[in-house]
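Report on the following structure.
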Amino acid sequence: MTQITLDNLAHSYLPNPQSEDDFALKQLDHVWKDGEAYALLGASGCGKSTLLNIISGLLVPSRGRILFDDKDVTHQDTVARNIAQVFQFPVVYDTMTVGDNLAFPLRNRGMDPAYIAKRVQQIASMIGMDDLLKRKARGLTADAKQKISLGRGMVREDVNAILFDEPLTVIDPHMKWELRTQLKALHNEFGHTMIYVTHDQTEALTFADKVVVMHDGRVVQLGTPEELFDTPEHTFVGYFIGSPGMNLIDAEVSGSMAHCGGHSVPLGGHYTAPGGHVQIGIRPEFVTIASGEEGLPVTIKRIEDVGRHQILRAEFAGKPVNAILPEGMTVPAGANRLKFAPERVNVYADDWRVTPLHSVSATTKEAV
Ligand code: ADP
Ligand code: MG
Numbered sequence: 043m044t045q046i047t048l049d050n051l052a053h054s055y056l057p058n059p060q061s062e063d064d065f066a067l068k069q070l071d072h073v074w075k076d077g078e079a080y081a082l083l084g085a086s087g088c089g090k091s092t093l094l095n096i097i098s099g100l101l102v103p104s105r106g107r108i109l110f111d112d113k114d115v116t117h118q119d120t121v122a123r124n125i126a127q128v129f130q131f132p133v134v135y136d137t138m139t140v141g142d143n144l145a146f147p148l149r150n151r152g153m154d155p156a157y158i159a160k161r162v163q164q165i166a167s168m169i170g171m172d173d174l175l176k177r178k179a180r181g182l183t184a185d186a187k188q189k190i191s192l193g194r195g196m197v198r199e200d201v202n203a204i205l206f207d208e209p210l211t212v213i214d215p216h217m218k219w220e221l222r223t224q225l226k227a228l229h230n231e232f233g234h235t236m237i238y239v240t241h242d243q244t245e246a247l248t249f250a251d252k253v254v255v256m257h258d259g260r261v262v263q264l265g266t267p268e269e270l271f272d273t274p275e276h277t278f279v280g281y282f283i284g285s286p287g288m289n290l291i292d293a294e295v296s297g298s299m300a301h302c303g304g305h306s307v308p309l310g311g312h313y314t315a316p317g318g319h320v321q322i323g324i325r326p327e328f329v330t331i332a333s334g335e336e337g338l339p340v341t342i343k344r345i346e347d348v349g350r351h352q353i354l355r356a357e358f359a360g361k362p363v364n365a366i367l368p369e370g371m372t373v374p375a376g377a378n379r380l381k382f383a384p385e386r387v388n389v390y391a392d393d394w395r396v397t398p399l400h401s402v403s404a405t406t407k408e409a410v
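When you number the sequence shown by the working numbering, it's gap-free, plus one each residue, and the end is 410.
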């Protein structure tokens, strides 16, 4: 196992990149700590696979270095780096049995046959394929083949890291949760450094201790699920994570007050007037209905019952604002305002979160 350091990394698929737009991966410095389970989360095309392939050695970056502990491995291949990688679509030897497919990485390394038999059995039960060990892989469903790929990625205990690139894409929805739980159990048991790529926030938040969020070739935040929820460092993290995501409203901010189209919104922190495109961000979980003079005037569009709670869809100044309301709550007649919990409002300038100078204490809040 190893700590993986990305030092001044960048990658372009073009031979002569000119501008930043030509880079699939913009300037990146990052440390993947030994033994942690990370999710790498971002929308399709943001550079996740590019980054993963650079870590595994399938791709040499245009710029920068990769270190495994203190060793520069930038020009080493995957085998030399001792990495296991599982891809989005199954890579399985059709003419081999399921058991031989699973044993392949171990035989390749000349491991003891008794150990191989035991380990293959262990992995087979983990992926729920005990009964199929003697069967040829040809003719199995894509779903079953991908389980073999996953098993093969997990079979070696001595790898430096295991990389998963959207490994559950072709897996049946019922099985997804179970396999993810198995991967987590495997991590707890062996403590491998794991990087799990996904565009699915639920997968990311349930699999990993730390989530690395990518957007447009950049890492925009590394944090625990709680940190991504409470203090999204970039507006993308705000609206990509959460359902619905964070509400973002254009504002002018000074002191501990935001002004949105002539309406005042109290903030939980004190700010020096930030420049650029300023927005306030509030998660729908911290929005409540009000009437009278309090809060922002909105047009309520509809209410969706999603079981555990309701989502109120409204508009302020022609842009959507959502609130999460408790199950069974009825919206009072005449309610046409939304109120934000001040300490839950984040401020953004040109999409990046502005850190408040200090928080507004309980006493000054009353004075506002
Ligand atoms: P993700 O895995 O997050 O969907 P990728 O890393 O596959 O994103 O792609 C990042 C960007 O690089 C995309 O714009 C994609 O079109 C481009 N790209 C990926 N692979 C290649 C390639 N082999 N040649 C040229 N461009 C590529
Ligand atoms: Mg990809």
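Built from N, CA and C at the ideal position, the CB exists for glycine as well.
query                                                                                                            : result
The alpha helix (DSSP H) enclosing residue 224, as first and last residue numbers                                : 215–232
Between the CA atoms of residue 270 and residue 47 - distance to the nearest angstrom                            : 23 Å
Three-state secondary structure assigned by DSSP to residue 65                                                   : coil
Strand pairing of residue 254, partner residues [DSSP]                                                           : 82, 264
Distance between residue 191 and residue 133 (C-alpha atoms, nearest Å)                                          : 6 Å
Exposure of residue 409, with buried meaning 16 or more beta-carbon neighbours within 10 Å                       : Interpretation of residue 409 is limited by its pLDDT of 48, a score under 50 that renders its predicted location unreliable; the figure taken from the coordinates is listed afterwards. Flag for residue 409 reads exposed.
Helix, strand or coil at residue 158 [DSSP, three-state]                                                         : helix
contact_flag[the stretch 249–263, the stretch 99–108] where n(CB pairs < 8 Å) is 3 or more                       : no
Residue 245: CB within 7 Å of a non-hydrogen atom of the ligand MG                                               : no
Start-to-end residues for the alpha helix (DSSP H) that takes in residue 142                                     : 140–150
Three-pair Cβ contact test at 8 Å for the stretch 314–329 versus the stretch 272–284                             : yes
Contact under 8 Å by Cβ, residue 130 with residue 211                                                            : yes
Three-pair Cβ contact test at 8 Å for the stretch 247–256 versus the stretch 73–80                               : yes
Exposed unless 16 or more other CB atoms sit within 10 angstroms - verdict on residue 156                        : exposed
Any non-hydrogen atom of the ligand ADP closer than 7 Å to residue 313 Cβ                                        : no
Runs of beta strand (DSSP E) lying entirely within the stretch 365–389, each at least 3 residues, in chain order : 379–382
The ligand MG heavy atom lying under 7 Å from the CB of residue 91                                               : yes
Identified DSSP bridge partners for residue 289                                                                  : 324
Contact check, residue 144 vs residue 166, beta carbons under 8 Å                                                : yes
Stretch pair the stretch 292–303 + the stretch 370–380: three plus CB contacts closer than 8 Å                   : no
Burial state of residue 161 (16 or more Cβ within 10 Å)                                                          : buried
Residue 240 to residue 341 span [Cα, whole Å]                                                                    : 36 Å
Proximity of residue 390 and residue 277 at Cβ, strictly below 8 Å                                               : yes
Distance between residue 361 and residue 313 (C-alpha atoms, nearest Å)                                          : 25 Å
Contact belief for residue 411 with residue 382 at Cβ below 8 Å, rounded distance in angstroms                   : Summary: the structure shown does not reach residue 411, with the chain confined to residues 43 through 410, and so no result is reported for it.
Under the three-state DSSP convention, the category residue 211 falls into                                       : coil
Range covered by the alpha helix (DSSP H) that runs through residue 281                                          : 277–282
Cβ pair residue 213, residue 236 closer than 8 Å                                                                 : no
For residue 403, the three-state DSSP class (helix, strand or coil)                                              : coil
Rounded separation between residue 71 and residue 52 - CA only                                                   : 9 Å
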